[in-house]
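Peer 1: For the sequence shown, the positions run 14 to 668 when the numbering used here is used. Glycine included, C-beta positions come from ideal geometry on N, C-alpha and C. Before I ask anything, here is the structure I am working with.
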Amino acid sequence: MSQPTIESILQENRLFHPSAEFSQKAQIKSLDEYHRLYEQAKADPQAFWAHLAETELDWFQKWDTVLDWQPPFAKWFVNGKLNISYNCLDRHLTTWRRNKAALIWEGEPGDSRTLTYAQLHREVCQFANALKHLGVQKGDRVGIYMPMIPEAAIAMLACARIGAAHTVVFGGFSAEALRDRLVDGQARVVVTADGGWRKDAIVPLKEQVDKALADGSVPSVTNTLVVKRTGQETHMLGDRDHWWHDLQKQVSADCPAEPMDSEDLLFILYTSGSTGKPKGVVHTTGGYNLYTHITTKWIFDLQDTDVYWCTADVGWITGHSYIVYGPLSNGATTVMYEGAPRTSNPGCFWDVIEKHGVNVFYTAPTAIRAFIKMGDEHPKARNLSSLRLLGTVGEPINPEAWIWYQQVIGGGRCPIVDTWWQTETGGIMITALPGAIPTKPGSATLPFPGVLADIIDLEGKAVGANEGGYLAIRHPWPGMMRTVYGDPDRFRRTYWEHVPPKEGQYLYFAGDGARRDEDGYFWVMGRVDDVINVAGHRLGTMEIESALVSHPAVAEAAVVGKPDELKGQDIVAFVTLEGTYSPSDDLLKELKQHVVKEIGAIARPGEIRFADALPKTRSGKIMRRLLRDLASGVEISGDTSTLEDRSVLEKLRQG
Ligand code: 7RM
């Protein structure tokens, strides 16, 4: 079990076809049908998307222009009016879905709750009125820092309902990281909980919010709204903090959805890049609603009676698009689980599948590898026969893990959709359509209709079959990010200028290396920039370096990723110390803890190596490429002639 090596992937040529029975009932039934859709979308993208917008969503007012493309800035469905909370809730209430389960929630300690569409609608309306009661208005931003409980989804939908943008911050981020995001987004209110369950312990979220807001360090925040989840002692500050259950008694359950412009801000979600602080990725209402709706419908092949479960956290884009918005817009039953894979309960995922009869299951390769290690006896002791479709996301899946997933979890009968996409793309871009596209273990297969994906060199030229290159997208799509919040220039530089635009031809540069095989199948290899992917969590090496050098003992730091059996990659930091400090085990622990405090536990370095000096070029740039080889324990490859001082490398090698 390990990350796919180039060798293993090059040898991987097994082809898996969906069963005739699966294809017959599927939304998209054959390869021919996929090709027809793909060619149709390619020939006239605007007609393709307009037709779907018209037939799949409810609009208060129709758009007058499908796409206004002023590269790299896109506007979709210009002057259209809609509300995503209306599309996710209200429109189902007049159908048989009114009393269908919208959300099935399972808490880590084993408590659970089911909300029908009518019940979820009521809760969302109340929450929306509570936000209004605190003065939140259309156009404001609301921070959401929550455990995986129904109120997280309710808060998101409530924001969307009144036209406030949410910015969800993953509950695993530290108070410092939360503060940075609230400041950047100038949030007016923070929605949180007293605590949440994570790996058998309570995470005290409200306490972190207090730290983030201490000493008026986020002046824009006037109030917090606190959900009681764990019931532990919680400090509430005078006029600032309100218990959700107290406000709930004061507000009505009547709150019509605000008509929003297609291009009104829906949410900001921060993501790591290769430089500087995390970027606020901006998604807007109409295009995002359509794109998450149709990708959910076709890729997860939703049927009316399906129970669908995506194991992501709502703090990440996968949770936004494929726990909340995509499934609910389709009127599906979506499962939300508070727990994470943990050795104290090695059957936890399989229990949820058995208990709720999950039919469609979507998780990450890192979780699959963790469960492989815990042993086949756990899934084998549960009844998983309800499953009919499996999905993965977040990082490349090694063929061994793919086969285990297919055999042990899917019983050999479920197609697997390996879905490639990013926070920036809003929704899935490269994937199998399960009834139509045969799969190969380790390949995300083919682009979704309307996605003109290509593999290019740095001049923007398509490379040949099986030649490696950069993954890029040639035409705008409705779910694409619109800008970096407050920094349109950074948006342009980061995604649209790696390949110099020629003749008005702009290319979206994804930051991933990939190749396409002789059948046109995409094989995504991983990031080509200084972003590392630890257990499916995306981290910028620069962020971790900044956290390290903010400690008084650290003079310089260089962070790289090394391959890890379970997590895909792990963090290795090379550190030089200020004169008065010397290496010790205590300092090592302290530095790891410091990173946890600055960013959160997901960024804790697996390894910190003290060094006298870091390898640099003559112009003073740290040669991370060499450190990457050193950290991975492989021979140093490539040119070392630009090294300023070769003895530095020798010393590092000797450890
Ligand atoms: C959805 C999500 C994005 C980065 C992306 C890739 C990697 C995601 C796959 C994958 C290979 C996949 N958003 N990635 N899915 N690599 N195969 N199916 O993960 O913004 O957090 O990360 O994740 O490197 O650029 S994300």
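Are the stretch 293 to 304 and the stretch 344 to 355 touching, with three or more C-beta to C-beta distances below 8 Å?
Peer 2: In short, these stretches do not touch, since the Cβ pair count stays below three.
Peer 1: If you drop the 5 nearest sequence neighbours on each side, which residues of the same chain put their C-beta closer than 6 Å to that of H535?
Peer 2: As a first step, residue 535 is located in the sequence shown; it is residue number 522 there, counting from the start. Looking at the sequence provided, one finds Phe at residue 535 rather than His. Answer for F535: I443, A457, A527 and R529, listed in chain order.
Peer 1: Around the Cβ of W363, are there at least 16 other Cβ atoms within 10 angstroms (buried) or fewer (exposed)?
Peer 2: Here residue 363 refers to the residue found at position 350 of the sequence shown. By the 10 Å Cβ count, W363 comes out buried.
Peer 1: Does DSSP put Q139 in a helix, a strand or coil?
Peer 2: As a working note, residue 139 is residue 126 in the sequence shown. It is helical.
Peer 1: Can you check the stretch 323 to 394 for any alpha helix (DSSP H) of at least 4 residues that lies completely inside it and give the ranges in chain order?
Peer 2: You should have 339 to 342, 361 to 369, 378 to 387 and 390 to 393.
Peer 1: For A56, does the count of other Cβ atoms within 10 angstroms reach 16, so buried, or fall short, so exposed?
Peer 2: As a position in the sequence shown, residue 56 is number 43, starting the count at 1. Exposed, since its Cβ has fewer than 16 Cβ neighbours within 10 Å.
Peer 1: With a threshold of 8 Å (Cβ to nearest heavy atom), would N411 be considered close to ligand 1?
Peer 2: Along the sequence shown, one-based indexing puts residue 411 at 398. Outside the cutoff, so no.
Peer 1: Say yes only if the C-beta of T405 is nearer than 8 Å to one or more non-hydrogen atoms of ligand 1, and no if none qualify.
Peer 2: The count along the sequence shown starts at 1 and reaches residue 405 at position 392. Yes, since a heavy atom of ligand 1 falls inside the 8 Å radius drawn around the Cβ of T405.
Peer 1: Hey, is V573 close to ligand 1, as in C-beta under 8 Å from one of its heavy atoms?
Peer 2: As a position in the sequence shown, residue 573 is number 560, starting the count at 1. No - ligand 1 has no heavy atom lying nearer than 8 Å to the Cβ of V573.
Peer 1: Does the beta carbon of H296 fall short of 8 Å from some heavy atom of ligand 1?
Peer 2: Walking along the sequence shown from the start, residue 296 turns up at place 283. Incorrect: H296 has no Cβ contact closer than 8 Å to ligand 1.
Peer 1: Return the chain-ordered list of same chain residues with a C-beta closer than 8 Å to the C-beta of L180, the five sequence neighbours on each side being excluded.
Peer 2: Here residue 180 refers to the residue found at position 167 of the sequence shown. For the sequence presented, residue 180 should be read as Thr rather than Leu. Counting only Cβ-Cβ distances below 8 Å, and skipping sequence neighbours, we find R154, V155, G156, I157, R194, L195, G198, A200, F280, I281, L282, Y283 and G293.
Peer 1: In the DSSP assignment, find the beta strand (DSSP E) that holds P576 and state where it starts and stops.
Peer 2: Walking along the sequence shown from the start, residue 576 turns up at place 563. Run containing P576: V567 to D577, per the beta strand (DSSP E) assignment.
Peer 1: Assign G299 to one of three DSSP states: helix, strand, or coil.
Peer 2: As a position in the sequence shown, residue 299 is number 286, starting the count at 1. Here G299 sits in helix by DSSP.
Peer 1: In the DSSP output, which residue or residues are listed as bridge partners for D467?
Peer 2: Taking the sequence shown and counting its residues from 1, one reaches residue 467 at position 454. According to DSSP, which records beta bridges pairwise, D467 is partnered with A485.
Peer 1: Return the CA-CA distance between L590 and D598, expressed in angstroms with no decimal places.
Peer 2: Locating residue 590 in the sequence shown gives position 577, where the first residue counts as 1. Locating residue 598 in the sequence shown gives position 585, where the first residue counts as 1. Whole-angstrom Cα-Cα distance: 14 Å.
Peer 1: Would you kindly work out how many angstroms separate the C-alpha atoms of L627 and A571, rounded to a whole number?
Peer 2: Position 614 of the sequence shown holds residue 627. Position 558 of the sequence shown holds residue 571. Approximately 8 Å between the Cα atoms of the pair.
Peer 1: Going along the chain, which unbroken runs of the beta strand (DSSP E) with 3 or more residues stay wholly within the stretch 129 to 212?
Peer 2: The qualifying runs are 154 to 158, 178 to 181, 202 to 206 and 209 to 211.
Peer 1: Tell me, to the nearest whole angstrom, how far the beta carbon of L446 is from that of Y47; I am working on the premise that it is less than 8 Å.
Peer 2: Against the sequence shown, residue 446 aligns to sequence position 433. Against the sequence shown, residue 47 aligns to sequence position 34. At roughly 6 Å, the Cβ-Cβ gap stays under 8 Å, so L446 and Y47 are in contact.
Peer 1: Within its chain, find whatever has a CB closer than 8 Å to the CB of S287; leave out the 5 residues flanking it on each side and keep chain order.
Peer 2: If you number the sequence shown from 1, residue 287 lands on position 274. Contacts found: G524, D542, D543, V544, G553, T554 and M555.
Peer 1: Between which residues of its own chain and C323 is the CB-CB distance below 6 Å, once the five residues before and five after are set aside?
Peer 2: Position 310 of the sequence shown, counting from 1, holds the residue named residue 323. Hits under 6 Å: Y335, I336 and Y375.
Peer 1: CA-CA distance, G425 and I385?
Peer 2: Translated into the one-based positions of the sequence shown, residue 425 becomes position 412. Translated into the one-based positions of the sequence shown, residue 385 becomes position 372. Taking the straight line from one Cα to the other gives about 16 Å.
Peer 1: Given this structure, state the Cα-to-Cα distance separating L561 from G289, to the nearest angstrom.
Peer 2: Position 548 of the sequence shown, counted from the first residue, corresponds to residue 561. Position 276 of the sequence shown, counted from the first residue, corresponds to residue 289. Rounded to the nearest angstrom, the two C-alpha atoms are 14 Å apart.
Peer 1: Residues in its own chain within less than 8 Å of A39 by CB, not counting five upstream and five downstream?
Peer 2: If you number the sequence shown from 1, residue 39 lands on position 26. Around A39: P31, D314, L446, P447, G448 and A449.
Peer 1: Spatial neighbours of K212 within its chain, please: CB distance less than 7 Å, with the 5 preceding and 5 following residues excluded, ordered by chain position.
Peer 2: Sequence index remark: in the sequence shown, residue 212 carries index 199 (1-based). Excluding positions up to five away in sequence, the list reads A353 and R355.
Peer 1: Contact check, T436 vs I330 under 8 Å by CB: the rounded distance?
Peer 2: On the sequence shown, position 423 is the one that residue 436 refers to. On the sequence shown, position 317 is the one that residue 330 refers to. Correct: roughly 4 Å between the Cβ atoms.
Peer 1: Taking 8 Å as the cut-off, is the CB of T180 close to at least one heavy atom of ligand 1?
Peer 2: On the sequence shown, position 167 is the one that residue 180 refers to. No - ligand 1 has no heavy atom lying nearer than 8 Å to the Cβ of T180.
Peer 1: Okay, do the stretch 109 to 128 and the stretch 83 to 98 touch, 3+ Cβ pairs below 8 Å being the bar?
Peer 2: Contact between the stretch 109 to 128 and the stretch 83 to 98 is absent, because fewer than three Cβ pairs lie under 8 Å.
Peer 1: Along the chain, where does the alpha helix (DSSP H) that runs through T554 open and close?
Peer 2: By 1-based counting over the sequence shown, the position of residue 554 is 541. Residues T554 to V562.
Peer 1: What does DSSP give as the partner residues of S125 in its beta bridges?
Peer 2: As a position in the sequence shown, residue 125 is number 112, starting the count at 1. BP columns for S125 point to E119.
Peer 1: Per DSSP, T284 is paired with what?
Peer 2: Mapped onto the sequence shown, residue 284 falls at position 271. DSSP, once it has assigned bridges, lists K292 as partnering T284.
Peer 1: For K602, tell me which candidate among E578, H564, K580 and G633 has the shortest Cα-Cα distance.
Peer 2: Along the sequence shown, read from residue 1 onward, the residue named residue 602 stands at position 589. Cα-wise, what sits closest to K602 is H564.
Peer 1: Can you tell me whether W109 is buried or exposed, with buried defined as 16 or more other CB within 10 angstroms of its CB?
Peer 2: Along the sequence shown, read from residue 1 onward, the residue named residue 109 stands at position 96. Exposed: under 16 other Cβ atoms inside 10 Å.
Peer 1: In chain order, what residues of the same chain lie with their CB nearer than 8 Å to the CB of L471, ignoring the 5 residues before and after it?
Peer 2: Here the question's residue 471 lines up with position 458 in the sequence shown. Y483, H511 and V512, listed in sequence order.
Peer 1: Quick check on the DSSP output: the alpha helix (DSSP H) that includes T700 runs from which residue to which?
Peer 2: Missing from the structure shown is residue 700; the chain here goes from 14 to 668 and no further.
Peer 1: If you check the beta carbons only, do L70 and L303 fall under 9 Å apart?
Peer 2: Residue numbering aside, residue 70 sits at position 57 when the sequence shown is read from its first letter. Residue numbering aside, residue 303 sits at position 290 when the sequence shown is read from its first letter. Yes, they are a contact pair.
Peer 1: Excluding sequence positions up to five away, which residues of its chain have a Cβ less than 7 Å from the Cβ of N100?
Peer 2: Within the sequence shown, numbered from 1, the residue matching residue 100 stands at position 87. Excluding positions up to five away in sequence, the list reads L70, D71, N302 and S342.
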